[in-house]
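Numbering (numbering that gives the first Met the number 0) for the sequence shown: 0 to 167.
Glycine is no exception: its CB is placed at the ideal position from the N, C-alpha and C atoms.
Only a predicted model underlies this, so the values are computations on that prediction, with no experimental measurement involved.
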Amino acid sequence: MIPKRISVCSMIAALCLVLMLLGSFLGIGMYAVPMIVGLLLTVPGEKYGWRSHLLLWAAVGILSLILVPEMEQSLMFLLIFGPYPMLYPLFQKCRLLPRILLKLLYFNGMVILTEAIAMALLFPDGMGTLMAAMLLLLGNLLFFCYDHLIPRAERLMQRYLGKLYDRL
């Protein structure tokens, strides 16, 4: 069972890294690719448990920081969209209003941290306040779409990729 788990998780990690590299080279995947890669980690997490999910997230995150030229894309995955599918079930246990507030607090805190790191390392001149506020507002809208997509994507991937995992 353990060699099967290692081989499946390593193939998923390689696929995630290829997607991260393609997203950075094509220049269109700054926000979309970390979301897709975060969703890809849910199936091994469901199949093999949260420890495998955590190790897979850490491996893809560290390797993407080393290999992917777009540091902001790697940070988005490492801090926001990679761990969020692991935290999603914990958020769902809360009532509606605290759940929404906790999700907003998590997302906005992580976005501010990600952008602070990116601005300090990549763009020391900074960004205008209006532009930053617009990006944060659009990011929140995108985050709620992502949040709404997670259970549906998990079911869809479990249906199709689950059969593939069973064959391996």
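Item to complete: Report yes if the C-beta distance between L86 and M109 is below 8 Å; otherwise report no.
Response: Counting from one through the sequence shown, the residue named residue 86 turns up at place 87. Counting from one through the sequence shown, the residue named residue 109 turns up at place 110. Contact: no.
Item to complete: Following the continuous alpha helix (DSSP H) through I11, name the residue where it begins and the one where it ends.
Response: As a working mapping, residue 11 is identified with position 12 in the sequence shown. It spans 1-25 - the alpha helix (DSSP H) in which I11 sits, taken as one unbroken run.
Practice prompt. Taking P33 as part of the alpha helix (DSSP H), name the residues at either end of that continuous run.
Written response: Position 34 of the sequence shown, counted from the start, is the residue given in the question as residue 33. First-last of the alpha helix (DSSP H) with P33: 31-39.
Worksheet item: R50 lies in the alpha helix (DSSP H); which residues open and close that run?
Response: Here residue 50 is taken as the residue at index 51 of the sequence shown, counted from 1. Residues 49-66.
Worksheet item: What residue from G37, A132, P68, K46 has the CA that sits closest to A57's CA?
Response: Position 58 of the sequence shown, counting from 1, holds the residue named residue 57. With distances taken between Cα atoms, A57 lies closest to G37.
Worksheet entry | Residues near P82 by beta carbon distance below 7 Å, same chain, minus five either side | As a working note, residue 82 is residue 83 in the sequence shown. Result list for P82: W56, in chain order.
Worksheet item: In its own chain, which residues sit with a C-beta less than 7 Å from the C-beta of K102, not counting the 5 before and 5 after it?
Response: Within the sequence shown, numbered from 1, the residue matching residue 102 stands at position 103. Closer than 7 Å at Cβ, skipping near neighbours: F90, D146.
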